[in-house]
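Enquirer: Would you mind keeping the following structure in view while I ask a few things?
In this note's numbering, the protein residues as written are 97 to 850.
The structure is reproduced here in structure tokens:
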């Protein structure tokens with residue numbers, strides 16, 4: 097009752113206040129809420145409570161219903177459609193509220209579960225902690241174990257970020273889909289646009305009552321009834337004209353169910369002039385009712401449609417027929433009218449407009465449903481693809497790359513690190529930049545962030561991204577740990593799909609250049625530096641490994657004070673499974689040059705390193721070794737070796753076994769004997785005068801003065817017992833350019849030929 101509205105309004109106002117307070121607090125303390133989907137959903141559902149307060153809604157409703165009452169049929173129809181739209185909007189608002197109440201219930205349940213977990217985790221004074229004993233972990237009481245099992249069954253584990261995001265997006269899509277369907281489907285219903293009240297039947301019934309009264313008055317034989325017959329006949333005539341006024345297409349009061357054909361029991365008594373006068377006075381289409389004076393009105397009937405449409409032109413679904421039987425005999429109510437006394441009344445209405453409209457709306461409804469389903473499927477699959485499937489496919493692709501070439505894992509890690517260091521792209525438009533700045537300021541104010549901290553921290557990554565990066569890191573660590581020699585081990589195990597691990601794969605024979613370099617006086621340095629010796633070795637290793645990698649080599653392993661370095665000859669596929677190393681002499685010569693150049697660069701880098709120079713002033717080292725400086729010995733050798741895994745299932749080391757590897761190690765040891773004549777006899781015949789002349793010619797060559805360099809080098813190549821090879825090589829190269837340095841000469845030439 098209306099007297100209870102005051103209590104209902106008070107409850108609504110209280111709920112409106114608390115819901116509004118919840119929105120404000122959530123906007124302040126909850127990230128990813130303000131301005132997002134659920135924020136607007138909560139605002140709309142909360143604002144809808146205002147219209148349930150009668151103190152607000154009644155004045156609004158009165159303002160719309162004020163003024164003169166709608167009396168014509170079109171206004172009544174529009175009012176009916178507006179009422180139906182209002183009821184649909186109310187249903188939609190109620191659904192929005194239900195969604196919000198479900199979210200509030202989920203938050204309440206989460207808060208209760210969190211409180212319950214905290215209560216169980218809290219240790220009260222006097223309680224004993226569950227500590228493991230010697231026999232194993234402490235056993236919980238049976239009731240605690242049962243509770244843990246129940247918690248596990250209820251899914252108490254924290255939800256993953258991917259699952260949470262996918263669930264949120266799915267909920268959002270479902271809400272939008274349901275709201276769109278609720279709003280749009282009724283708009284595509286035929287009853288929303290076409291009103292077909294049964295006024296045609298009422299009009300025919302009115303005509304039938306006058307016709308029956310007139311017929312019984314004329315056939316009864318009672319004089320008083322015959323006097324009333326003229327009155328009934330006049331009512332009969334004007335009821336027909338009124339019926340036509342409201343049901344013939346084109347008249348101002350014409351309804352949608354247009355009358356096209358009638359058949360009446362009696363002809364009209366009005367003159368044609370009277371009929372035309374009535375039609376003119378009521379703005380009726382005169383041509384449509386002229387035939388009412390015809391005898392065809394009795395049988396078979398007359399067409400009153402201005403377009404001349406006859407019932408035979410329409411399909412069964414496009415026309416509606418109203419029939420009555422009038423008894424002209426005056427008989428008691430208990431008796432039935434004879435067939436001869438029955439006179440038919442027939443009216444045919446066209447429903448073509450409604451049928452066409454209905455067909456068009458059905459087509460639109462079908463297209464709309466197909467579009468909604470297609471877009472829904474597209475958005476649902478888009479969320480699943482972006483959050484789950486695409487990351488999995490990227491992981492599969494990267495694992496496949498690592499499987500084919502394990503060494504690519506390190507490069508993938510470097511590429512990921514470079515991309516992570518890049519700043520996100522700034523918005524290009526001024527409006528976007530302004531909006532972004534406003535959002536950041538609001539966020540900083542809401543969460544009390546340090547204004548001086550300009551480094552932005554992005555959202556926590558999803559588990560799929562963490563897993564993808566972890567795969568790259570694991571692959572990179574495998575590549576670093578096993579090196580090129582262990583690439584075959586990694587590849588073979590990744591090809592194996594049974595889940596087992598087999599590191600003890602068979603070795604294979606390869607051709608390569610092996611290099612050894614060892615740190616001189618390492619034993620003394622170890623005794624002096626002690627714990628810092630690891631840093632000392634790593635500083636040298638950084639120089640050695642980086643330069644060797646630059647010159648196409650690979651570091652294989654560190655053996656105390658020595659480094660094993662390898663320049664493998666390239667491989668090429670002979671077929672899908674077998675690889676063979678190249679036999680191209682030019683490529684081998686190129687690798688040999690690069691290995692020698694790498695060792696030369698290492699020597700120079702060690703002497704120039706400011707980090708290693710600090711050890712020259714280390715008092716402990718200088719006391720142990722006067723005038724100490726970092727020195728290294730080098731050895732190179734080329735030949736075959738067996739590449740594979742060395743060790744057991746407990747520890748595997750990927751390396752090379754061959755006398756050629758040992759030979760390179762011996763060379764590095766022998767290089768400490770600087771005065772050994774066997775190692776320096778190749779330069780015994782070189783005089784100081786020759787070296788001075790060659791250096792002068794080489795300086796002119798490097799400076800681009802090739803004509804002067806030609807004269808000097810021509811002289812130098814004849815100063816020894818045999819022609820000097822380096823001088824001849826430089827002269828042959830300058831001769832290809834007619835002893836004119838190229839315009840882009842930078843003081844050196846690229847090694848394109850061997």
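Note that beta-carbon positions come from the ideal geometry of N, C-alpha and C, so glycine has one too.
1) Does the beta-carbon distance from residue 285 to residue 447 come in below 9 Å?
2) Could you pull out every residue in the same chain whose Cβ sits closer than 8 Å to the Cβ of residue 362, ignoring the five residues on either side in sequence?
3) By a C-beta neighbour count over all protein chains shown, 10 Å radius and 16 as the cutoff for buried, is residue 663 buried or exposed?
4) How many Å lie between residue 835 and residue 564 at the Cα?
5) Among the residues of its own chain, which have a CB less than 8 Å from the CB of residue 755, if the five just before and after it don't count?
6) Consult DSSP for residue 446 and reduce its assignment to one of helix, strand or coil.
7) Between the alpha carbons of residue 625 and residue 615, how many angstroms are there, rounded?
8) Residue 789: buried (16+ other C-beta within 10 angstroms of its C-beta) or exposed?
9) Bridge partners of residue 738, per DSSP?
10) In chain order, what residues of the same chain have a beta carbon less than 8 Å from the beta carbon of residue 782, not counting five sequence neighbours either side?
11) Does DSSP put residue 282 in a helix, in a strand, or in coil?
12) Please report the distance separating the alpha-carbon of residue 888 from that of residue 795.
13) Assuming residue 300 contacts residue 420 under a Cβ cut-off of 8 Å, what Cβ separation, rounded to an integer in Å, is found between them?
14) What is the DSSP secondary structure of residue 633, reduced to helix, strand or coil?
15) Rounded to whole angstroms, what's the CA-CA distance from residue 558 to residue 258? Just pull it up for me.
16) Does residue 309 come out as helix, strand or coil in the three-state DSSP assignment?
17) If we cut at 9 Å on Cβ distances, does residue 327 have a partner in chain D?
18) For residue 802, is the classification buried or exposed, using 16 other Cβ atoms within 10 angstroms of its Cβ as the cut-off for buried?
19) Between which two residues does the alpha helix (DSSP H) holding residue 108 run?
20) Can you give me the C-alpha to C-alpha distance between residue 692 and residue 717, rounded to a whole angstrom?
21) Tell me whether the region 737 to 749 and the region 694 to 710 touch, counting them as touching only if at least three CB pairs, one residue from each stretch, are closer than 8 Å.
22) Taking the straight line between their C-alpha atoms, what separation do you get for residue 654 and residue 687?
23) Using the Cβ count rule (16 or more neighbours within 10 Å means buried), how would you classify residue 415?
24) Leaving out five residues before and five after residue 114 in sequence, what residues of the same chain have Cβ atoms less than 8 Å from its Cβ?
25) Identify every residue that forms a DSSP beta bridge with residue 610.
26) How many Å lie between residue 136 and residue 154 at the Cα?
27) So what does residue 668 bridge to, in DSSP terms?
28) Between 748, 461 and 424, which lies nearest to residue 434 when the distance is taken from Cα to Cα?
29) Could you spell out where the alpha helix (DSSP H) holding residue 704 opens and where it closes?
30) Spatial neighbours of residue 337 within its chain, please: C-beta separation below 6 Å, excluding the five flanking residues on both sides.
31) For my contact list, residue 647 and residue 694 are in at a C-beta cut-off of 8 Å; report their separation, rounded to the angstrom.
32) May I ask you to report which of helix, strand or coil DSSP gives residue 455?
33) If you follow the alpha helix (DSSP H) that residue 796 is part of, which residue opens it and which one closes it?
34) Give the range of the alpha helix (DSSP H) segment to which residue 142 is assigned.
35) Pick from 609, 602, 659 and 645: whose alpha carbon is nearest that of residue 744?
Expert: On the basis of the data shown:
1) Against a cut-off of 9 Å, the Cβ pair of residue 447 and residue 285 comes out as no contact.
2) The residues are 307, 310, 311, 329, 332, 394 and 439.
3) By the 10 Å Cβ count, residue 663 comes out buried.
4) So the two alpha carbons sit approximately 58 Å from each other.
5) Cβ within range, chain order: 735.
6) Three-state DSSP puts residue 446 in a strand.
7) Near 14 Å, if we compare the C-alpha coordinates of residue 615 and residue 625.
8) Counting Cβ neighbours within 10 Å, residue 789 comes out buried, since at least 16 surround it.
9) Its beta-bridge partners are 605 and 753.
10) Correct list, in chain order: 816.
11) In this structure, residue 282 counts as helix in the three-state DSSP scheme.
12) No statement about residue 888 is possible, as the shown extent of the chain runs from 97 to 850 and does not include it.
13) Indeed they touch by this definition, with Cβ atoms about 6 Å apart.
14) For residue 633, the secondary structure class from DSSP, reduced to helix, strand or coil, is helix.
15) If you take the alpha carbons of residue 558 and residue 258, they lie about 6 Å apart.
16) Residue 309 falls in the helix class under three-state DSSP.
17) Of the chains in the structure shown, none is chain D; there is only one protein chain.
18) Burial of residue 802 is indicated by the presence of at least 16 other C-beta atoms within 10 angstroms of its C-beta.
19) In the DSSP annotation of this structure, the continuous segment of the alpha helix (DSSP H) that includes residue 108 starts and ends at 101 to 125.
20) Between residue 692 and residue 717, the C-alpha separation is close to 30 Å.
21) Under the Cβ criterion (8 Å, minimum of three pairs), the region 737 to 749 does not count as touching the region 694 to 710.
22) Using only the alpha carbons, I get a separation of about 22 Å.
23) By the 10 Å Cβ count, residue 415 comes out buried.
24) Excluding residues within five positions, none has a Cβ falling inside 8 Å.
25) Checking the DSSP bridge columns, you'll see residue 610 partnered with 662 and 733.
26) Answer to the nearest angstrom: the Cα atoms are 26 Å apart.
27) In the DSSP output, where bridge partners are listed per residue, residue 668 has 676.
28) Nearest to residue 434 by alpha-carbon distance, out of 748, 461 and 424, is 424.
29) Under the DSSP assignment, residue 704 falls in the alpha helix (DSSP H) whose first and last residues are 681 to 704.
30) Correct list, in chain order: 374.
31) Between residue 647 and residue 694, the beta carbon gap of about 4 Å places them in contact (Cβ cut-off 8 Å).
32) In the three-state DSSP reduction, residue 455 falls in the helix class (H, G or I).
33) 784 to 799 is the span of the alpha helix (DSSP H), which, as asked, contains residue 796.
34) Run containing residue 142: 133 to 143, per the alpha helix (DSSP H) assignment.
35) The shortest C-alpha separation from residue 744 is found at 602.
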